[in-house]
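Sequence order for the protein chains is A and B.
Just so you know, we're using this note's numbering here: the first sequence kicks off at 980 and counts up by one.
Just so you know, we're using this note's numbering here: the second sequence kicks off at 204 and counts up by one.
So the structure is just underneath, and the comments pick up after that.
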Amino acid sequence: SSDGDEKQVYIVYMGHQHEPSDSAAGFSAAEAAHHKLLNQMLDDGSSAMDRMVYSYKRSINGFAARLTEQERRKLAGTEGVVSVFPSRTYQLQ
Amino acid sequence: TTRSWDFLGFPRNARRSLPTEGEVIVGMLDTGVWPDSPSFSDAGLGPPPGRWKGACLNFTCNNKIIGARAYRQGRAGLSPVDTAGHGSHTASTVAGRVVEGVGLAGVAAGSARGAVPGARLAIYKVCWDDFCAGEDILAAFDDAIADGVDVISFSIGGKLPAPYFEDAAAIGSFHAMRCGVLTSASAGNSALTGGRVGNVAPWMLSVAASSTDRRLVAKLVLGDGKTIVGASVNIFPKLEKAPLALPINGSCQPDSLARQSYRGKILFCPRGSNGTGPLQAGAAGTVIVNAEPDVAFVFPLPAVTIAEDQFTEILAYVNRTRTDPVGSIHSTEANFNSEAPIVASFSSRGPNLISPGILKPDLSAPGIAILAAWTPLSPVSGNLRDNRFAAYNVISGTSMACPHATGAAAYVKSFHPGWSPAMIMSALITTATPMDPARNPGGGELVYGAGQLSPARARDPGLVYDAREDDYVRMLCAEGYNATQLRVVTGSDGTACPAAGAAAADDLNYPTMAHHAAPGLNFTVRFPRTVTNVGAPGRSVYTARIVSSGPYIRVAVAPRRLAFSRPLQKLSFTVTVSGALPAGNEFVSAAVVWSDGVRQVRSPIIVHTVD
């Protein structure tokens, strides 16, 4: 939409996972860090809990979240973020 | 699969390392699996390897399927059971048990088996019917790597590649590689729709689809006795002398056939029809003029696919016959195809649109009319109006080729558990059987990579081209990624980039060599390479032979003799290619073949001016 608040799922890739966490564990340090970073970026009062789709925390570092284009841009310029890109749809071959 | 492994020279009694084959765990990112298929029986298999950290969520595992997870936008409680069939098909191609006497209503019958019947499977359901989201794929890679899989099979992709760190599969497979896990991926099915190889990361294997010597065909016999043979998996009984009809406005799409009746007729359809329209219009059968006459499809009604020139012959009959034109569609039979292997018309070609100096696809494997396990939850034609279900089905695609390579990688891994992903990839590539450019026109290695997979030879390749994370980082530097980004990717402060221009992407120690030249301009390109001796335990001497098939280039190798004194010793050489290709859209192939008199280590070279 014109005011750019339309959200879509973006992948925020943050490279190497320094603190691999067991999938059974609860809110791991990596996950907490993803939520904290996301909360700092959200500017419409919603919380990371509302937007987060995945927190990648076992062997890769990053997360997937529903973001606006403006939030995407803010995250893309953040230290520790390698790339922020729209989650593509792939097909079976 | 009932024919392809034998066609690859990989018989049921191939030499196996059974104790370690049971230690190999293959992760399948796909549509899940049907656990009750006989292909996934765990009879005789011991418990999973002790190192395994996977989980069986909403799924009953056994000692064959030792892990199963499902992903859909973060939701919990999803079932990894296969509702589409694709995932069961690929998983059984990789590691299916030997199941005697199976086929699709007798078609393609035989003993179905995977490459590594003793290996374990871990299921990561990331596709739902035909929808696979990037965020789900990356979540599956995150788990599969941490769970402890050894090889990942990824029969998923897109029409075109994306920059490496904007592609879930390239990111996931990079982190898999860092943990010693090779990812084998489909090259893509977009050759006829303007696509190029979709999975192009140099740390993943990209597999094109080719034919086997078993061709599934059906006959259309016209009223004047003329027989037209076309690709088809037609398991319906013979359709006898039905009237021929053309769709009134030339289309067979359901809405354009609506309100017309073709009851009891054979309807001729243009390419792109999948039989749904004719089925709904009450047709007794359909003949589809197809851009892919090499591919046999399962249709929801009696059907044959033919090429354009065959359609012309049929029209000639229709125009000259005095009586109403009729035809009969016979059930499918298997013909011997002496031309095979030929790359499928749909199989996405190179060049690598992200890194033109890295040849993709890497190799070819059977991907046409492959019989393998299926799910009873999906009709054999995939058409929801079709009420035919089966335990084994015949489908085609680079999705089917990929698991052949995955299975071969798992087979190599079972003999060499300590090999890196790049070493396994190299073994598969340098031992591939060269394919015939005359029968596979349009690009030489850009069409079929190093050639057809040869699992038996890959077990003992002699020399391998190894590459580790630092090698890929240097290549990424040459591709324009900066040291800051790459330090985040590797998590290592020591990650640095050489001075600008000091390295090129094709400096990567890759088993093949590709160069994108400018038309009409002279070029000289050097490929520094290092090979690791994994062949004979004692001393061994390899000498290089240059195979060049084109007038426009000169290939030199220095040194031409490598004398190894111990296993795992590394020695280096440089291949220099120079010349000029006169026009655009051209290619010239060559190869460097190292041999110790027993083993052949073949590295194809391709120079092209394809934009």
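Don't be surprised by glycine CBs; every beta carbon is placed ideally from N, CA and C.
Closest Cα partner of residue i within the set the options
i       : options                        : result
B:V490  : B:V432, B:E542, B:R381, B:D209 : B:V432
B:A543  : B:F210, B:G426, B:V813         : B:F210
B:R304  : B:P241, B:L363, B:L385         : Before going further, note that residue 304 of chain B is Gly rather than Arg in the sequence given. Selected option, being the one with the closest Cα: B:P241.
B:I404  : B:Y675, B:R278, B:P283         : Reading off the sequence, residue 404 of chain B comes out as Ala, not Ile. Considering only alpha carbons, the answer is B:Y675.
B:V329  : B:S781, B:S617, B:V236, B:R802 : B:V236
B:V229  : B:F213, B:I359, B:F471, B:G257 : B:G257
A:Q1070 : B:A294, B:A372, B:L307         : B:A372
B:N725  : B:G753, B:S781, B:A612, B:R677 : B:S781
B:L281  : B:N266, B:I326, B:P251         : B:I326
B:R219  : B:M231, B:A318, B:D239, B:R254 : B:A318
B:N538  : B:G694, B:L419, B:S548         : B:L419
B:R642  : B:S695, B:N540, B:G723         : B:N540
B:S599  : B:S376, B:R316, B:S584         : B:S584
B:R588  : B:A604, B:A484, B:D512, B:D527 : B:A484
B:P714  : B:P807, B:P770, B:I756         : B:P807
A:S1000 : A:G1041, A:S1025, A:D1023      : A:G1041
Secondary structure of residue i, DSSP reduced to three states
i       : result
B:G488  : strand
B:Q655  : strand
B:K596  : This sequence places Asn at residue 596 of chain B; Lys is not what is there. Here B:N596 sits in strand by DSSP.
A:Q996  : coil
B:A434  : strand
B:G480  : helix
B:R660  : helix
B:W255  : coil
B:L518  : helix
B:M877  : Given a span of 204 to 814 for chain B in the structure shown, any question on residue 877 of chain B remains unanswerable.
B:M628  : helix
A:K1036 : coil
B:F767  : strand
B:E443  : strand
B:S220  : coil
A:M1028 : helix
B:D233  : strand
B:M638  : coil
B:N736  : strand
A:Y1069 : strand
B:V501  : coil
B:I557  : coil
B:S548  : coil
B:P606  : helix
A:K1015 : helix
B:H533  : coil
B:F790  : strand
Buried versus exposed call for residue i [16 or more other C-beta atoms within 10 Å across all chains shown]
i       : result
A:E1058 : exposed
B:A287  : buried
B:R764  : exposed
B:S464  : exposed
A:S980  : For A:S980, the predicted structure reports a pLDDT of 34, less than 50, and the residue's modelled location is therefore unreliable. A value from the coordinates is still provided. It counts as exposed.
B:V795  : buried
B:V384  : buried
B:G309  : exposed
B:T508  : buried
A:H997  : exposed
B:K422  : buried
B:M407  : buried
Using a beta-carbon distance cut-off of less than 9 Å, what residues from the region 325–350 of chain B approach chain A? Listed by position, the residues of the region 325–350 of chain B near chain A (Cβ gap below 9 Å) are V329, C330, D332, D333, F334, C335, A336, G337, E338, D339, I340, L341, A342, F344, D345, D346, A347, I348, A349, D350.
Does the structure place the region 410–421 of chain B close enough to the region 563–571 of chain B that three or more beta carbon pairs sit under 8 Å? The region 563–571 of chain B makes contact with the region 410–421 of chain B; the number of CB pairs closer than 8 Å reaches 3 or more.
Does the contact criterion of 3 or more C-beta pairs under 8 Å hold for the region 664–681 of chain B versus the region 746–764 of chain B? No contact exists between the region 664–681 of chain B and the region 746–764 of chain B.
When Cβ atoms are compared, which residues of the region 988–1015 of chain A fall closer than 7 Å to chain B? Those residues of the region 988–1015 of chain A that come within reach of chain B (Cβ to Cβ, closer than 7 Å) are V988, I990, Y992, M993, G994, H995, H997, P999, S1002.
Quick one, which residues of the region 1051–1069 of chain A are near chain B if we go by CB-CB under 7 Å, in chain order? Interface annotation for the region 1051–1069 of chain A against chain B: G1059, V1061, S1062, F1064, S1066, R1067, T1068, Y1069, criterion Cβ-Cβ distance under 7 Å.
Any 3 or more C-beta pairs closer than 8 Å across the region 631–646 of chain B and the region 654–667 of chain B: The count of Cβ pairs closer than 8 Å, one atom from the region 631–646 of chain B and one from the region 654–667 of chain B, reaches three, so the stretches are in contact.
Please determine if the region 621–628 of chain B and the region 1043–1054 of chain A are in contact, where contact requires at least 3 C-beta pairs separated by less than 8 Å. In short, these stretches do not touch, since the Cβ pair count stays below three.
Taking contact to mean at least 3 C-beta pairs separated by less than 8 Å, is the region 706–724 of chain B in contact with the region 683–690 of chain B? Segments in contact, no.
Within the chosen definition, does the region 642–652 of chain B reach the region 443–454 of chain B through at least 3 CB pairs nearer than 8 Å? Cβ pair count under 8 Å is below three, so no.
Meets three-Cβ-pair contact criterion under 8 Å: the region 291–308 of chain B and the region 574–591 of chain B: Segments in contact, yes.
Can you give me, in chain order, the residues of the region 274–292 of chain B that have a beta carbon less than 7 Å from any beta carbon in chain A? Under the 7 Å Cβ criterion, the region 274–292 of chain B contributes Q276, G277, H289.
Can you confirm whether the region 542–559 of chain B touches the region 253–269 of chain B when touching is taken to mean that 3 or more C-beta pairs between the two stretches lie within less than 8 Å? Contact check between the region 253–269 of chain B and the region 542–559 of chain B: fewer than three CB pairs, one atom from each, fall below 8 Å, which does not count as touching.
Taking only beta carbons into account, state which residues of the region 599–632 of chain B come closer than 8 Å to chain A, listed in chain order. Flagged, chain order: G600, T601, S602, C605.
Chain A contacts made by the region 688–700 of chain B, where a contact means CB separation under 9 Å: Shown in chain order are the members of the region 688–700 of chain B whose Cβ falls below 9 Å from a Cβ of chain A: Q688, L689, R690, V691, V692, T693, G694, S695.
Using a Cβ-Cβ cutoff of 8 Å, what residues of the region 229–240 of chain B are near chain A? List them in chain order. Taken in chain order, the members of the region 229–240 of chain B whose beta-carbon sits within less than 8 Å of a beta-carbon on chain A are D233, T234.
Cβ pair count under 8 Å reaching 3, the region 736–745 of chain B against the region 795–812 of chain B: They touch, by the three-pair rule.
Tell me, please, whether the region 491–501 of chain B touches the region 428–443 of chain B by the rule of three or more beta-carbon pairs shorter than 8 Å. The region 491–501 of chain B is in contact with the region 428–443 of chain B.
Could you check whether the region 248–257 of chain B touches the region 343–354 of chain B, counting it as contact only if at least three pairs of C-beta atoms, one from each stretch, sit closer than 8 Å? The region 248–257 of chain B is in contact with the region 343–354 of chain B.
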